[in-house]
Structures are given as C-alpha cells and as structure tokens.
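Asker:
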Amino acid sequence: MNKPVLTEQHVRTLARLTFGNAASRIYLGVVAATTVFVTMDTLFVTHEDASFAGVWLFLLAAPTVFVFLVGSSTLGAEALGPDWFVYLALVVSVLVQSLALGWFARLLRGGRGRSRQAGPQGA
121 MNKPVLTEQH VRTLARLTFG NAASRIYLGV VAATTVFVTM DTLFVTHEDA SFAGVWLFLL
181 AAPTVFVFLV GSSTLGAEAL GPDWFVYLAL VVSVLVQSLA LGWFARLLRG GRGRSRQAGP
241 QGA
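Each residue of the sequence shown is one higher than the last, beginning at 121 in the working numbering.
1. If you measure between the beta carbons of V185 and L208, is that distance less than 8 angstroms?
2. For W176, which option in V165, V158, L148, L163 has the closest C-alpha, if you only look at C-alpha atoms?
3. Using a Cβ-Cβ cutoff of less than 6 angstroms, which residues in the same chain neighbour R236 once the five nearest sequence positions on both sides are dropped?
4. Cα separation between V156 and G222?
5. Under three-state DSSP, which class holds A182?
6. Is F188 near the ligand FAD, in the sense that its beta carbon is under 7 angstroms from a heavy atom of that ligand?
7. Just to check my reading of the structure: R226 and L137 have Cβ atoms closer than 8 angstroms, yes? What is that Cβ distance to the nearest angstrom?
8. I'd like the span of the alpha helix (DSSP H) that includes I132, first residue to last.
9. Once you ignore the five residues that flank A142 on each side, which residues in its own chain have a CB closer than 8 angstroms to its CB?
10. How far does the alpha helix (DSSP H) with F224 in it extend, from its first residue to its last?
11. Provide the residue span of the alpha helix (DSSP H) that contains A143, from first to last.
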C-alpha cells in the first residue's frame, strides 16, 4: 500500500511552522492590524482621491502575492483578476510567508523543535 503524501504529522508540522512560533505570530499580527486599518480606512474615511492604504497589505504579502498576480495574468486573466482572486492571493501569500518565516526561525534554532526529546547525542 502507498503511504499518503500528506499525513497528519505533516499537517501538524506545517501548522506549527505557520502559526506556532514567535516570528510567524508577529508577522500575522502585523498583517491582521494592517487589515483592520485598511478596512476602517475603506469603510469609514472619505477621501477626495483614491486611498493607498491597501498598498500596505500588498507590501506585507510581497513578493509571493506578485507571483500569484503575474501568474494569473500570464494565464490570460484580466489585469488583477476578479476581486475574489486578489483576496485569495493575499491570504495564500501571507500564509506561505508565515510558513517560510517559521521554517527560517526553526533553521536558525538549529532544527530543534518542541517534539524532540532532550538527551545525549549519538548514544
């Protein structure tokens, strides 16, 4: 029998890397605060011209969000695609970058995770 490609352990590891470390949590907190700011600016502030508050979300999701948007335009979608695609690209980009931050933080720690047991090496 073939083993499943994505096991429960893999899902836990991905979730821990994406949400379970300080670097990812700080990044996701900054993104959440920026999302609240952009939402409040869009709904409750009147501007004579267009507001550029939404640019902050794209900057926080860069460079992966631009990969999604350029990829969609090369596949024949309109300039930025439908609104739902732009929002989905933002969410996926933020999660991918949070995962990358978690992986990088784990790499800097030397790969020590919570699940490993303390003990002598090489015994």
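Glycine included, every Cβ here is placed at the ideal spot set by N, Cα and C.
Answerer: Straight from the coordinates:
1. In terms of Cβ geometry, V185 and L208 do not form a close pair [threshold 8 angstroms].
2. That would be V158, whose Cα lies nearest to the Cα of W176.
3. Bear in mind that the predicted position of R236 carries a pLDDT of just 49, short of 50, making it unreliable; the figure below should be weighed with that in mind. Within the same chain, R236 has no close Cβ partners at all.
4. One C-alpha to the other measures close to 24 angstroms.
5. Here A182 carries a coil assignment [DSSP, helix/strand/coil].
6. This structure simply doesn't include the ligand FAD, nor any ligand for that matter.
7. At roughly 7 angstroms, the Cβ-Cβ gap stays under 8 angstroms, so R226 and L137 are in contact.
8. The question names Ile, yet the displayed sequence has Arg at residue 132. Element bounds for R132: 128–139.
9. Closer than 8 angstroms at Cβ, skipping near neighbours: A225.
10. Bounds of the alpha helix (DSSP H) holding F224 are 203–228.
11. In the DSSP assignment, A143 falls within the unbroken alpha helix (DSSP H) covering 142–164.
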